[in-house]
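Protein chains in written order, with UniProt numbering: chain A, 1 to 288; chain B, 1 to 267. Even glycine gets a Cβ: it sits at the ideal position worked out from N, Cα and C. See structure below.
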C-alpha cells in the first residue's frame, strides 16, 4: 500500500470505534423506536408487532398530552428568559472586569461540577417547611406558622434556572469576551453615551452567545423530568415525566416511543432552526 | 476607564454578586446542614457534629451505591476517553473529508434530549437481549459522555504543535515510538481532562440512569433521589457534601495536575 493510501486510511481507523458507538448506541436505537412506536401494547402486556397508528393518534390528539407539551414549552421559555435576564449582566461583569477574571470564571464553572440532584434538592433546605427561609421568617415574627412554598410551578422554574444559569452565563461570556472593546469606545467617542453604545454595538454583537445560551437552556429545560419530581407538585408534570411514566411505570413502550419522538421532534425543530440561522459553531465554542 | 467607576458598572457588579450568591447559597446550606447535630435535616442548627458522616459510612445501601457509582464512573471514563481521544486525533491531525459533519455526528448524543436517548437505548438493547443491567448503564454512560470528551480533548489537542513529532520522526524514531514518547506525553493533560470530565458526568448522571438501572441497583444520585421520596434527612445533606467534595475536588485536583504536567513539558 502506498504511503498516501495509508495516510488516507489512518483517520478512519481512529474514528471507527467512536463512530460505531454513536451509530449503534444512538442512531440505530433512534430508528428502532420509530419502528417501535407503530407497534401496539396489548392487554396481555405483550407488544404486538405491526403497523398501528394508535400510539400516534393518542399522543397527537389527546388533550392531556397537548396541554402538558404546551406547559412544558411555557416553563422552558420562562426559564430561558429568567436565565437571560439574570445571566447577561453577570456575564458582562466577568467579561469586562479587570483582575480576577480567572477566579470569577472558575466560580462560574464550579456549579457544573456540583451534582444536578444535589443542586435541585438543595432548595428544599431553603424553601421547605423547616427550611432556612421559614425559620428566618418565624424568628423575625413575620409569620407564626411555616408556609408551604415548595412543590409548585414557580419552584420548578427556580430549580431549572439554578441548574441552567451557568450555561447561559458561559455562552454570553464567550461571545462578549470576543468583542473588541475599542468598538464600544469608538462609539462613545463618536457621541453615543455608554448605554447607547452598549445597545447599538455590544448587545447586537453578543446576540449569538445569547442565542446559544438560550437554546441550551430551553432544550435542557424542556427535556427534564427530575426537577418537577423533586420540586414540583402532582400537577407540575412536564413532558419528559410522561415519557418516564409510560416507559418505567406503565411499561407501555410503544406509546413511550411515540411520546419520546414527539419531544425529539419539537426540540429537534428548534435546534434545526438555530443551526440554519446561526450554525453549530457558536454552540461548540460555549461547550468546549 | 470610566466604566470602572460609573453607576451602571456598580449596578452590574452588585447584580453579578447576587447571581453568585444565588448559585452558591443553597449548596452552602447543604454543606452547613450536613454538620447539624439535630436529628432532623433542617433548621435550627443545634450544634456541630460529624454523626451523619459516621452514619453514612455505616449505611450498607449507600456504600453499595457508592461502589456502583465509582466502578461505573471509572469504566465509563476509560472507554469514553479511549474512543474520544482516538476520534479527536483523527479530527485534529488529519484532513478528513466531511470533518464538520463527522464532528456533528459525534456530538449528536448531547444534541438529543437525554430522556429520548435513554428511551431509545433501553428499548433497542432490550430488543437485542441486553436488559436493564450494569452493562446497559455502562453503554448509556459511554455514549452520553463521549461528546464531552471529544469536545474537551479536541480543544486541547489543537494547541500541540505537529513540528515536534516531525522532528522526532526525522531524527529516526518510528511512528510508534513517536506516539508513545512524544505525542502521548504532550497529550496527557488533554487525556486526563477528558477522563475526569467523563468520570464526573457519569458520577452525576441521574436522567438516563433511572431508565437504565436494574431494580435494586442504585448509584449515588439515584440513591439520593430515592431517599428524597421519604423526607429530607441530615444523611442526604451529608451525602450531598461528600458528592460536592468529590465532584468539585477531583476536577480542581485535575486542573492542578494538568498545569504541573504542562509546565514540566514546557507547554
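Checklist entry - Does any C-beta atom of chain B lie closer than 8 Å to the C-beta of residue 38 of chain A? => result Walking along the first chain from the start, residue 38 of chain A turns up at place 38. No, its Cβ sits nowhere closer than 8 Å to a Cβ of chain B.
Next on the checklist: Since residue 57 of chain B and residue 219 of chain B should fall inside the 8 Å C-beta cutoff, what is the C-beta to C-beta distance between them, to a whole number of angstroms?
Outcome noted: Along the second chain, read from residue 1 onward, the residue named residue 57 of chain B stands at position 57. Along the second chain, read from residue 1 onward, the residue named residue 219 of chain B stands at position 219. Distance from residue 57 of chain B to residue 219 of chain B at the Cβ level is roughly 18 Å; contact not present, criterion being Cβ atoms closer than 8 Å.
Checklist entry - According to DSSP, is residue 59 of chain B helix, strand or coil? => result Walking along the second chain from the start, residue 59 of chain B turns up at place 59. Three-state DSSP puts residue 59 of chain B in coil, outside helix and strand.
Checklist entry - For the alpha helix (DSSP H) that contains residue 229 of chain A, what are its first and last residues? => result Along the first chain, read from residue 1 onward, the residue named residue 229 of chain A stands at position 229. From DSSP, the alpha helix (DSSP H) with residue 229 of chain A extends over 226 to 231.
Checklist entry - Which residues, taken in chain order from the segment 86 to 102 of chain B, show a beta carbon closer than 7 Å to some beta carbon of chain A? => result Answer set for the segment 86 to 102 of chain B: 86, 87, 89, 90, 94, 96 and 102.
Item to check | Alpha-carbon to alpha-carbon, residue 239 of chain B and residue 248 of chain B | outcome: As a working note, residue 248 of chain B is residue 248 in the second chain. As a working note, residue 239 of chain B is residue 239 in the second chain. In a straight line, the C-alpha of residue 248 of chain B is about 14 Å away from that of residue 239 of chain B.
Checklist entry - Is it a yes or a no for the segment 40 to 53 of chain A touching the segment 128 to 135 of chain A, going by three-plus beta-carbon pairs under 8 Å? => result Three or more Cβ pairs closer than 8 Å define a contact, and the segment 40 to 53 of chain A falls short of that threshold against the segment 128 to 135 of chain A.
Next on the checklist: Please give the ranges of any alpha helix (DSSP H) in the segment 4 to 76 of chain B, keeping only runs that are unbroken, at least 4 residues long and fully inside the region.
Outcome noted: Entirely contained in the segment 4 to 76 of chain B, the alpha helix (DSSP H) runs reaching 4 residues are, in chain order, 7 to 33 and 51 to 58.
Next on the checklist: Is residue 56 of chain B close to chain A? Criterion is C-beta to C-beta, closer than 8 Å.
Outcome noted: The count along the second chain starts at 1 and reaches residue 56 of chain B at position 56. Cβ-Cβ to chain A under 8 Å: no for residue 56 of chain B.
Item to check | Environment of residue 211 of chain A [buried if 16+ CB atoms lie within 10 Å] | outcome: Reading the first chain from its first residue, position 211 is the one you call residue 211 of chain A. Its Cβ being crowded by 16 or more others within 10 Å, residue 211 of chain A is buried.
Checklist entry - What's the call for residue 33 of chain B, buried or exposed, on a 16-neighbour Cβ count within 10 Å? => result To locate residue 33 of chain B, count along the second chain from 1; it is residue 33. Burial call: buried.
Checklist entry - Quick one: which chain A residues come within Cβ less than 7 Å of residue 247 of chain B? => result Numbered from its first residue, the second chain carries residue 247 of chain B at position 247. Residue 247 of chain B reaches chain A at 113, 114 and 115, counting residues in chain order whose Cβ is nearer than 7 Å.
Checklist entry - From residue 29 of chain B to residue 33 of chain A, what does the alpha carbon distance come to, in whole angstroms? => result Locating residue 29 of chain B in the second chain gives position 29, where the first residue counts as 1. Locating residue 33 of chain A in the first chain gives position 33, where the first residue counts as 1. Taking the straight line from one Cα to the other gives about 43 Å.
Checklist entry - Quick one: which chain A residues come within Cβ less than 8 Å of residue 6 of chain B? => result As a position in the second chain, residue 6 of chain B is number 6, starting the count at 1. Against chain A, a Cβ distance below 8 Å from residue 6 of chain B picks out 194.
Checklist entry - Can you tell which of B:150, B:97 and B:39 has the C-alpha that lies nearest to the C-alpha of residue 196 of chain B? => result As a first step, residue 196 of chain B must be located in the second chain, where it is residue number 196. Considering only B:150, B:97 and B:39, the residue with the shortest C-alpha distance to residue 196 of chain B is B:150.
Checklist entry - Does the segment 11 to 23 of chain A come close enough to the segment 219 to 231 of chain A to have 3 or more Cβ pairs within less than 8 Å? => result Under the Cβ criterion (8 Å, minimum of three pairs), the segment 11 to 23 of chain A does not count as touching the segment 219 to 231 of chain A.
Next on the checklist: Please report the straight-line C-alpha distance between residue 289 of chain A and residue 122 of chain A, rounded to a whole angstrom.
Outcome noted: The structure shown does not extend to residue 289 of chain A, since chain A is modelled only from 1 through 288, so no value can be given for it.
Checklist entry - Cα separation between residue 237 of chain A and residue 229 of chain A? => result In the first chain, counting from the first residue as 1, residue 237 of chain A sits at position 237. In the first chain, counting from the first residue as 1, residue 229 of chain A sits at position 229. Residue 237 of chain A and residue 229 of chain A have their alpha carbons spaced roughly 8 Å apart.
Checklist entry - When the Cα atoms are used, what is the spatial distance from residue 261 of chain B to residue 246 of chain B? => result Walking along the second chain from the start, residue 261 of chain B turns up at place 261. Walking along the second chain from the start, residue 246 of chain B turns up at place 246. Residue 246 of chain B has its alpha-carbon roughly 22 Å from the corresponding atom of residue 261 of chain B.
Next on the checklist: Which residues in chain A have a C-beta closer than 8 Å to the C-beta of residue 182 of chain B? List them in chain order.
Outcome noted: Counting from one through the second chain, the residue named residue 182 of chain B turns up at place 182. Within chain A, no residue has its beta carbon less than 8 Å from that of residue 182 of chain B; the closest one is some 17 Å off.
Checklist entry - Listed from N- to C-terminal order along the chain, which residues in the segment 195 to 220 of chain B have their beta-carbon within a distance smaller than 9 Å of any beta-carbon of chain A? => result 200, 203, 204, 205, 206, 207, 210, 211 and 220: these are the residues of the segment 195 to 220 of chain B whose beta carbon lies less than 9 Å from some beta carbon of chain A, given in chain order.
Checklist entry - Should residue 67 of chain A go down as buried or exposed, given a rule of 16 or more other Cβ atoms within 10 Å for buried? => result Position 67 of the first chain, counted from the start, is the residue given in the question as residue 67 of chain A. Flag for residue 67 of chain A reads exposed.
Item to check | Runs of alpha helix (DSSP H) wholly within the segment 142 to 188 of chain A (minimum 4 residues, chain order) | outcome: Counting whole runs of 4 or more residues, the segment 142 to 188 of chain A contains the alpha helix (DSSP H) stretches 153 to 177.
Next on the checklist: Count Cβ pairs between the segment 153 to 161 of chain B and the segment 108 to 122 of chain B that sit closer than 8 Å; are there 3 or more?
Outcome noted: The segment 153 to 161 of chain B is not in contact with the segment 108 to 122 of chain B.
Item to check | Cα-Cα separation between residue 53 of chain B and residue 130 of chain A, rounded to whole angstroms | outcome: Counted from its first residue, the second chain places residue 53 of chain B at position 53. Counted from its first residue, the first chain places residue 130 of chain A at position 130. Cα-Cα distance, rounded: 22 Å.
Checklist entry - With a Cβ-Cβ cutoff of 8 Å, do residue 202 of chain A and residue 179 of chain A count as a contact? => result Locating residue 202 of chain A in the first chain gives position 202, counting from the first residue. Locating residue 179 of chain A in the first chain gives position 179, counting from the first residue. Yes. Within cutoff.
Checklist entry - Measuring CB to CB, does residue 221 of chain A end up less than 8 Å from residue 174 of chain A? => result Numbered from its first residue, the first chain carries residue 221 of chain A at position 221. Numbered from its first residue, the first chain carries residue 174 of chain A at position 174. Note that the C-beta distance between residue 221 of chain A and residue 174 of chain A is not below 8 Å.
Checklist entry - Interface residues of chain B around residue 135 of chain A at Cβ under 7 Å? => result Within the first chain, residue 135 of chain A is the residue found at index 135, counting from 1. Going along chain B in sequence order, the residues near residue 135 of chain A (Cβ under 7 Å) are 43 and 44.
Checklist entry - For residue 249 of chain A, does the count of other Cβ atoms within 10 angstroms reach 16, so buried, or fall short, so exposed? => result To locate residue 249 of chain A, count along the first chain from 1; it is residue 249. Its Cβ having fewer than 16 others within 10 Å, residue 249 of chain A is exposed.
Checklist entry - Is the Cβ-Cβ distance between residue 233 of chain B and residue 72 of chain B less than 8 Å? => result Taking the first residue of the second chain as position 1, residue 233 of chain B is located at position 233. Taking the first residue of the second chain as position 1, residue 72 of chain B is located at position 72. For residue 233 of chain B and residue 72 of chain B, no; Cβs fall outside 8 Å.
Checklist entry - Looking at the C-beta of residue 78 of chain B, does it have a partner C-beta in chain A at a distance below 8 Å? => result Against the second chain, residue 78 of chain B aligns to sequence position 78. Against chain A, the CB of residue 78 of chain B has no partner CB under 8 Å away; the residue lies outside that interface.
Checklist entry - If we cut at 8 Å on Cβ distances, does residue 93 of chain A have a partner in chain B? => result Taking the first chain and counting its residues from 1, the one referred to as residue 93 of chain A is at position 93. So, interface residue.
Item to check | the segment 250 to 270 of chain A touching the segment 113 to 131 of chain B, judged by at least three CB pairs closer than 8 Å | outcome: Yes, the segment 250 to 270 of chain A touches the segment 113 to 131 of chain B.
Next on the checklist: Closer than 8 Å between beta carbons: that is the criterion. Which residues of the segment 165 to 193 of chain A meet it against chain B?
Outcome noted: Residues of the segment 165 to 193 of chain A with a C-beta less than 8 Å from any C-beta of chain B: 165, 166 and 169, listed in chain order.
Item to check | Buried or exposed (CB count within 10 angstroms, at least 16 for buried), residue 39 of chain B | outcome: Along the second chain, one-based indexing puts residue 39 of chain B at 39. Exposed, because fewer than 16 other Cβ atoms sit within 10 Å of the Cβ of residue 39 of chain B.
Checklist entry - Are the Cβ atoms of residue 87 of chain B and residue 96 of chain B separated by less than 8 Å? => result To locate residue 87 of chain B, count along the second chain from 1; it is residue 87. To locate residue 96 of chain B, count along the second chain from 1; it is residue 96. The answer is no: Cβ separation not under 8 Å.
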